[in-house]
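Have a look at the structure below before the remarks.
4 protein chains.
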Amino acid sequence: MKYLFFNDYSEGAHPKILELMASTNLTQENGYGEDSVSIKASQLIKDVIKKRDADIHFVSGGTQANLIVLSSLLKPYESVISASTGHINVHEAGAIEATGHRINAVDTNDGKLTINDIKQVVESHTDEHMVKPRVVFISNSTEVGTIYSKGELESISQYCHQNSLYLYLDGARIGSGITSKDSDLTLKDIAKLVDIFYIGGTKNGALLGEAIVIPNRELQLNFRYHLKQHGALLAKGRALGVQFLALFTDRLFFELAKHANSMAEKLTNGIKELGYSFQTDSTTNQIFPILPNSVIEKLKTDYGFYVWSKIDDSSSSIRLVTSWATKEEMVDGFIDDLKLVSEK
Amino acid sequence: MKYLFFNDYSEGAHPKILELMASTNLTQENGYGEDSVSIKASQLIKDVIKKRDADIHFVSGGTQANLIVLSSLLKPYESVISASTGHINVHEAGAIEATGHRINAVDTNDGKLTINDIKQVVESHTDEHMVKPRVVFISNSTEVGTIYSKGELESISQYCHQNSLYLYLDGARIGSGITSKDSDLTLKDIAKLVDIFYIGGTKNGALLGEAIVIPNRELQLNFRYHLKQHGALLAKGRALGVQFLALFTDRLFFELAKHANSMAEKLTNGIKELGYSFQTDSTTNQIFPILPNSVIEKLKTDYGFYVWSKIDDSSSSIRLVTSWATKEEMVDGFIDDLKLVSEK
Amino acid sequence: MKYLFFNDYSEGAHPKILELMASTNLTQENGYGEDSVSIKASQLIKDVIKKRDADIHFVSGGTQANLIVLSSLLKPYESVISASTGHINVHEAGAIEATGHRINAVDTNDGKLTINDIKQVVESHTDEHMVKPRVVFISNSTEVGTIYSKGELESISQYCHQNSLYLYLDGARIGSGITSKDSDLTLKDIAKLVDIFYIGGTKNGALLGEAIVIPNRELQLNFRYHLKQHGALLAKGRALGVQFLALFTDRLFFELAKHANSMAEKLTNGIKELGYSFQTDSTTNQIFPILPNSVIEKLKTDYGFYVWSKIDDSSSSIRLVTSWATKEEMVDGFIDDLKLVSEK
Amino acid sequence: MKYLFFNDYSEGAHPKILELMASTNLTQENGYGEDSVSIKASQLIKDVIKKRDADIHFVSGGTQANLIVLSSLLKPYESVISASTGHINVHEAGAIEATGHRINAVDTNDGKLTINDIKQVVESHTDEHMVKPRVVFISNSTEVGTIYSKGELESISQYCHQNSLYLYLDGARIGSGITSKDSDLTLKDIAKLVDIFYIGGTKNGALLGEAIVIPNRELQLNFRYHLKQHGALLAKGRALGVQFLALFTDRLFFELAKHANSMAEKLTNGIKELGYSFQTDSTTNQIFPILPNSVIEKLKTDYGFYVWSKIDDSSSSIRLVTSWATKEEMVDGFIDDLKLVSEK
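Chains as they are written, first to last, in the numbering used here: chain S, 1 to 344; chain V, 345 to 688; chain H, 689 to 1032; chain X, 1033 to 1376.
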């Protein structure tokens, strides 16, 4: 194998994180997230989002963040609206339902919800024989690499507030999303427009960890009870805080995401030059080129990636994911090899 | 503050763990616990427990371990028997009930369940108007520092098997428990006598992580679904595996626990020499001396610890916890200071 | 209002049920379903299905039956496959999710699942990041009035058994389903082909009550615990048993269903003669004629019914439901009135 | 067997209920509790409690009422305080935990909670590592036949309001409770002092049915969603409404309860005259005399009752329950027979 493009979590942590872990390791700290490291990390995030009264909580992974946030927002009979490609609807082993709630899944072309999608769900749920939609779940970047524009997010936000819906943004790849060359969104915008979201660390250089951000003050009360009940309060909470302290020092978080995006862009350009098209229009760190099955087979010898979906009898899309750790030479090598196997 | 005896997770990880994290950091690995680091760590644990067909899964904390294990064992109407001091019954924010199950809590003198305790619960639950007890939950060492002998564990194990009960051991402090000078139990014994247990890392030198061990083969099937559903499968599973790879190399795990115990023993001896008694009879890393309230107040200036329970109007027990990181000079200093404030 | 065709539960109980309730009212009986009336009713049902070793339990309604049966069959990470029109997926306020489980909803043309539908769900759920489909939920007659043939049910049953899936049939309208002129299925066939099903009383002349039938012996163990936990064990269980004792005496159950079907058939024929078509092909007690919106408006003055779905800008389908209590003169009157308003 | 004193639900419904069921049986009504019969019954109850803005919902049994009410009141991390003898803590098969919540059970002498009991639970739950008590559950009459005085209920109510706790009263035997000769409480008082309660029909002459009453307006919103989700909305809701329409016409409800109480009083007096004492001091329809085991054995030939608890090696308490249907001659016969077997 030359390189794995399977995902953005094949390598460990960015070296700066390990350094900070080592240098802060032996001080005695309070447990369960009330340590000085986590507190400093929270301050840095609040600085970036310009919301001093937001609450920040660090958890160990995205599924954990999603199940805790959603179960904290919903009454027993309430449900969450999601694109059918949404992580909660596919790849969380029924974690949301396990907390008692239905996902109203909506088919989309590009993994993004529109106001019309949301409206149709809301308007078709009319009485107590049905669940009552209460939260809108979106991802940015989405599970298929696409992003929301500021205008789109503003419209959805407005619709939600007018219709008593909470808006929750899954930011597993928020770094890649907002540093995409096509994005006009900032973390500050997002903190203003959604009720609650999380900033993904794991897929952007952290060893583990996601930062749940709660700008909506009415949702802050007693949130730590939800964390504890789901086993998300680590005794050594510093293990999570230190990730974000490093990531939000000197804008490392944004630099890592930009690097991942630029590697994906390089891949995209190289693949396009070879005449191939793409399943989705992505300027983030996940791309979905469509290749002949014979080419895919040959690439598999040297590269790791997932075959995403069947396009027709002789071709499929594959998913290539880049990360903070992807080296330019690996990208160049991939393009060279793709050229080679395409020519044969 | 001179030193915090609040708990065994005030410091970060043992330096050898950080070293191994750094040296393995940049290889590309499979996600979600199927990395080579976690696989090696599992092998080392299987070597120690002498059970090649056991399953090992790493999770990030003890509450997470407990809620996943118990919800995987119980049908909707089944319950778990625990000492009323059990962690699940006090300090997990209702995590077990949140998965749908009752805890049958039994008052005990020393945090340990006896066969008689278990029997009374089983025999008083007679029909479908009541829950059906199915799992016995024990901790070793217990939440009050006591330990089970091999004979006690054998008896409970036998009773459980004869009465269709699963036996689950919470090993948050299993290191301290089995390396206690009074313990005749080994990890191998435990793996033979219980259906499922976990080996606590967090409270014995790991940055985070507990290793769930499943010797009972019928309980192994599809266990990863339970992990995923509760958000316990970390994308970078190596973060957990590396803790146990370091801890189970050259018996580091046992050395760290012994150190913690010997520091507690030193504290115990020093306190006894000053004429004080103890609330429980502990030879592990948690001790509960009974001190005059005035002495406690003075100690608080320089040391961190919890006041545990009121003994009478003028005295209380306090909890002192030592760890792998507790330095002997801190223990000596504490005894000196206790002597000083006692004499005044 | 001349007559309500809203549903099959607008009237109370068939008079024979009330008579039996009165005549058995004052004997002293055991509580919670262990009374002599319920036991006799169970015997009669076992006689009809020719399964002496089936278990029968009476509950008060269909949503209650569905949530208890499904939660008894599923482990926490398992899911149930249903047509998207299935009652559990639309009209039970998230009752199944509230017990922790996802519904894998499949769009269909006629409310019926095919082997291919089931297969696609099973084959796209490949690992522990997703739920694991375990139960196939079908209704007969379906929520849109269609029925399964014996051949169809045999194929589904075979596929389920070969793929470790339980087959559960919601029989809220099983009476109407199996007495349809197009049905070649009997209760005996169903008891042989499915793992568990229920016989709907409420929609076929009972005041309340559904009979859960469990032919699969491995599913019988401790079922009463599930009933009790969900509040389904009535103290005066006789209230449910007496319904089925009356319904299964002298084949009343089948006579009432046939009457409902024949009234629906009469409606169907009359509406067809007026030149109208139907949304689904139903020979049961729910029919879905397509009418001009102007005609629908006029009918609403004298008749109660639901407008089902928009067909085009000027016409919609409506749902007409007949029951054991529908009088032939009401049907004749409706056809006459429809003719009248159609001509205008 | 001469007579069963097992419980207050051995017979069917009071004849006046059956009559009303028959006379209202064939009108066409709305489903799911929105029928004219249920609406009238609600009005009558509102008249009695003098609360026009209360909400009333009819459900089929007490466990169902308890699980729906409590799960509607509690956030995921919140718990309910109950006497350890409380029905929810013993005889509901874990129904409350199945909705995700812990019961904080308190041992009492007489089945009644005191402010001190409640306070101790509240004050020992201090942070997010523990559940947060939110509801106080009391029963009147209690499971051991005792009753709350108006003063006691006022104090508890005041404490609850001052401490942000909801007060819920399980009224399975509220009829017997408030018509006890020692009671100074009325339904109107209760509706004023508690946030939510239910009026038990099943144990006071109804065939089935309990009326959930919600005086606290903030708890009324969307309550029907909870009912539906737990399968409690009967399609023919009239089946429940008609019970209460009959019971609250001409004060039948109170007359039936008084009769049960007077039969129990007669039993009590007769037993006392024979020199026996009682386990609890009950003036309701459940009494707990203490008898020699030899006497109990002889009584069992002719009478049905439960042996309640062992008092010493030679005697036990038994539970005798009377109802609206208990005839005075049965009571007289029992006393005669007890005298006879006592003398031998």
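No residue lacks a Cβ here, since even glycine has one placed at the ideal position from N, Cα and C. On a predicted model such as this, the values are computed, not experimentally measured, just so you know.
At least 9 Å separates the beta-carbon of Ile959 of chain H from that of Ile984 of chain H.
Approximately 4 Å separates the beta-carbon atoms of Ala235 of chain S and Tyr353 of chain V; this is inside 8 Å, confirming the contact. The beta-carbon of Arg478 of chain V is placed no less than 9 Å from the nearest beta-carbon of chain X. The beta carbon of Val1019 of chain H lies closer than 8 Å to those of Met951, Lys954, Leu955, Gly958, Thr1010 in the same chain, with the five residues before and after it left out.
For the stretch 768-793 of chain H, residues whose beta-carbon sits nearer than 7 Å to a beta-carbon of chain S comprise Val778, His779, Ala781, Gly782, Glu785, Ala786, Gly788, His789, Arg790. For Gly1118 of chain X, there is no enclosing alpha helix (DSSP H), as DSSP gives it neither H nor E.
The Cβ atoms of Ala1238 of chain X and Phe1229 of chain X lie no closer than 9 Å to each other. The continuous beta strand (DSSP E) containing Arg1007 of chain H extends over residues 1003-1009. Closest in C-alpha terms to Tyr913 of chain H, from the list V:Ser423, V:Val685, V:Ala576, V:Ile412, comes V:Ser423. Taking C-beta atoms as the reference points, Tyr1200 of chain X and Val1163 of chain X fail to come closer than 9 Å. Inside the stretch 914-957 of chain H, DSSP marks whole alpha helix (DSSP H) runs of 4 or more residues at positions 926-935, from first to last along the chain. It is roughly 10 Å from the alpha-carbon of Val242 of chain S to the alpha-carbon of Lys16 of chain S. Against chain V, a Cβ distance below 7 Å from His1161 of chain X picks out His435, Ala437. Under the three-state reduction of DSSP, Leu635 of chain V is assigned to strand. Taking the C-beta atoms as reference points, Arg238 of chain S is found nearer than 9 Å to Val37 of chain S. Proximity of Tyr1041 of chain X to chain V, defined by a Cβ-Cβ separation below 9 Å, is not satisfied. The Cβ-Cβ distance between Lys869 of chain H and Thr968 of chain H does not fall below 9 Å.
Inter-residue distance for Gly859 of chain H and Gly888 of chain H is about 5 Å (C-alpha atoms, whole angstroms). The C-alpha of Gln162 of chain S is placed about 57 Å away from the C-alpha of Asp461 of chain V. Under DSSP, Gly1232 of chain X shares a beta bridge with X:Glu1242. The beta-bridge partner set that DSSP reports for Gly62 of chain S is empty. Contact annotation: Leu227 of chain S and Glu1160 of chain X have beta-carbon atoms nearer than 9 Å. For Val1019 of chain H, no Cβ of chain X is located within less than 9 Å of the residue's own Cβ. For Val651 of chain V, the CB contacts under 6 Å within the same chain, skipping 5 residues up- and downstream, are Ser660, Ile662 in chain order. Going by DSSP, Tyr847 of chain H is part of no beta strand (DSSP E) but of the alpha helix (DSSP H) stretching over 838-850. Check the Cα spacing between Thr1174 of chain X and each of X:Lys1376, X:Gln1318, X:Thr1059: the tightest is with X:Gln1318. In this chain, the alpha helix (DSSP H) harbouring Asn460 of chain V covers 459-468. In the DSSP annotation of this structure, the continuous segment of the beta strand (DSSP E) that includes Ser827 of chain H starts and ends at 820-827. Leu1201 of chain X carries a strand assignment under DSSP once its states are collapsed to helix, strand and coil. Boundaries of the alpha helix (DSSP H) around Val381 of chain V: 380-393.
Taking the beta carbon of Tyr77 of chain S as reference, the chain H residues within 9 Å of it are Ala781, Gly782, Ala786, listed in sequence order. Asn981 of chain H and Ala781 of chain H have their C-alpha atoms spaced approximately 30 Å apart.
Ranked by Cα distance from Gly833 of chain H, the first of H:Leu962, H:Cys848, H:Gly700, H:Ile862 is H:Ile862. Look at the beta carbons and you see the stretch 81-93 of chain S not touching the stretch 210-220 of chain S: under three pairs across the two are nearer than 8 Å. Comparing C-alpha distances from Gly749 of chain H to each of H:His775, H:Lys1032, H:Leu761 shows the shortest one belongs to H:His775. Here the alpha carbon of Asp1142 of chain X sits roughly 13 Å from the alpha carbon of Ser1181 of chain X.
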